[in-house]
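Visitor: Sharing a structure with you now.
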Amino acid sequence: MDEINWPAGLSPYKVMFYLQPHIGGQESPLTRTRKTYGLSAPRWVARLTFRAGHGYDDGGMSDRFGPRADDAMFFAARLDALIAQLKGGLQIVRFHDFRRPIPQSYLTLHSPAMTIDAASAGDNSIVINREPGAVGPSIGDYIGGDGRPHLVTDVSPKLGSMMSKAGPDGKITLTFEPPLSADIAQDAELEIERVTAPFELVSEDAGQNEGEVGAPIDYVLEFSEKMP
3 MDEINWPAGL
13 SPYKVMFYLQ
23 PHIGGQESPL
33 TRTRKTYGLS
43 APRWVARLTF
53 RAGHGYDDGG
63 MSDRFGPRAD
73 DAMFFAARLD
83 ALIAQLKGGL
93 QIVRFHDFRR
103 PIPQSYLTLH
113 SPAMTIDAAS
123 AGDNSIVINR
133 EPGAVGPSIG
143 DYIGGDGRPH
153 LVTDVSPKLG
163 SMMSKAGPDG
173 KITLTFEPPL
183 SADIAQDAEL
193 EIERVTAPFE
203 LVSEDAGQNE
213 GEVGAPIDYV
223 LEFSEKMP
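Positions 3 to 230 (this note's numbering) are the ones given, in order, by the sequence shown.
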C-alpha cells in the first residue's frame with residue numbers, strides 16, 4: 003500500500019515526538035547490578051493532539067467560504083476522514099515533528115543546498131559539503147536522506163555551543179541518532195526541512211471522538227514508526 007502525506011494545514015496544538023530505544027536487561031538478585039543490551043533499532047513514536055471544531059459554512063460564519071483543512075473550525079471532519087483512510091494502522095502516513103519543522107538557525111537555510119559524502123547503512127555520522135565559512139545544521143536539528151528523521155547530537159567544526167560552521171574545505175561532520183537505515187549516495191542533497199517518518203496508528207480505535215455537541219473536542223492520535 004502506498005504511503006500518504008499528512009494533509010497540509012492540519013496542525014496539532016500539542017505534540018509528542020521522540021526516539022524510543024528498544025533495550026533488554028536483567029538485574030542481579032545479589033548485587034542489584036543491572037545489565038542492559040540493545041534488542042533492535044530504535045523507532046520514532048508520536049502523539050498528536052488537535053482541538054477540533056465541527057464547523058458549518060452558514061450564515062453565522064459569513065467570513066468563511068467553505069471548509070478548509072487549515073481552519074480549526076473544520077478539523078473534526080478532516081480528522082474523521084483521515085482516520086478512516088489510515089484504517090487502524092494498515093495505511094502508512096508521513097509527517098514531521100510539528101514543533102521543529104525547520105533548522106533552528108535561519109542561516110542553515112541560507113545559501114546553496116548542502117550535499118552529503120557517500121554514507122552506508124548503520125553509520126552514525128556523515129560528512130556534508132557547504133560553502134567555506136557557511137553555517138550548517140545545529141545540535142537538535144532533524145536531518146534526513148534515508149526516509150526517516152535523524153536527530154543531530156554533535157557537530158564539527160562548531161560555531162558557538164550548538165551550531166556548525168564549515169571549515170576552509172567546506173566540510174562539516176554531523177553525528178546523529180538513530181543510525182542510517184539505508185545507504186546514501188555521493189552528493190545527495192541533505193534533507194533539513196520537514197523531515198518525515200512513516201507512521202502507523204497504534205490502535206484501531208483511534209477514531210473514537212466523543213464530545214459535546216456544538217463544542218470543539220480534542221482528538222488524540224498515537225503513532226509508531228513503521229520500521230524499514
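Glycine included, each C-beta is placed from N, C-alpha and C at the ideal position.
Mind checking which residues open and close the alpha helix (DSSP H) that includes Ile104?
Guide: Where Ile104 is concerned, there is no enclosing alpha helix (DSSP H), given that its DSSP letter is neither H nor E.
Visitor: Given a threshold of 16 other Cβ atoms within 10 Å of its Cβ, counted over all protein chains shown, does Ala54 qualify as buried or as exposed?
Guide: The residue is buried, with at least 16 neighbouring Cβ atoms inside 10 Å.
Visitor: Whole-angstrom Cβ separation of Leu88 and Pro139, contact assumed at under 8 Å?
Guide: Going by Cβ atoms, the distance from Leu88 to Pro139 rounds to 31 Å, so no, they are not a contact pair.
Visitor: Would you list the residues sitting across from Ser87 in a DSSP beta bridge?
Guide: Strictly speaking, residue 87 in this sequence is Gln, with Ser absent from that position. For Gln87, which the question treats as bridged, DSSP gives no partner whatsoever.
Visitor: Of the choices Pro23, Gly135 and Ile94, whose alpha-carbon is the least far from that of Val204?
Guide: Closest by alpha carbon: Ile94.
Visitor: Between Thr180 and Leu21, is the Cβ-Cβ spacing less than 8 Å?
Guide: What sits at residue 180 in the sequence shown is Pro, not Thr. Going by C-beta atoms, Pro180 is nearer than 8 Å to Leu21.
Visitor: Which stretch, first to last residue, makes up the beta strand (DSSP E) that contains Ala199?
Guide: First-last of the beta strand (DSSP E) with Ala199: Ala199 to Leu203.
Visitor: I'd like the ranges of any beta strand (DSSP E) spanning at least 3 consecutive residues and lying wholly in the stretch 151-183.
Guide: You should have 152-158, 165-167 and 173-179.
Visitor: Give the C-beta separation of Phe100 and Pro14 to the nearest angstrom, bearing in mind that I take them to be a contact with Cβ-Cβ under 8 Å.
Guide: Rounded, the Cβ-Cβ distance is 6 Å, consistent with contact.
Visitor: Could you check whether Leu182 and Ala123 sit closer than 8 Å to each other, using their CB atoms as the reference points?
Guide: Their beta carbons are under 8 Å apart, which means Ala123 touches Leu182 by this criterion.
Visitor: Per DSSP, Gln22 is paired with what?
Guide: Arg45.
Visitor: Checking the sheet assignment: what are the DSSP bridge partners for Gln28?
Guide: According to DSSP, which records beta bridges pairwise, Gln28 is partnered with Lys37.
Visitor: Could you name the residues that DSSP lists as bridge partners for Tyr221?
Guide: Partner(s): Phe52.
Visitor: Among Leu12, Asn211, Asp207 and Asp148, which has the Cα closest to the Cα of Ile194?
Guide: For Ile194, the nearest C-alpha among the options comes from Asp148.
Visitor: So, for Thr155: in the same chain, excluding its five sequence neighbours on each side, which residues have a beta-carbon less than 7 Å away from its beta-carbon?
Guide: Answer for Thr155: Ile141, Thr177, Phe178 and Glu179, listed in chain order.
Visitor: Pull up the CB-CB distance for Leu12 and Arg80, whole angstroms please, since I reckon it's below 8 Å.
Guide: With 8 Å as the limit, Leu12 and Arg80 qualify as a contact, their Cβ atoms being about 6 Å apart.
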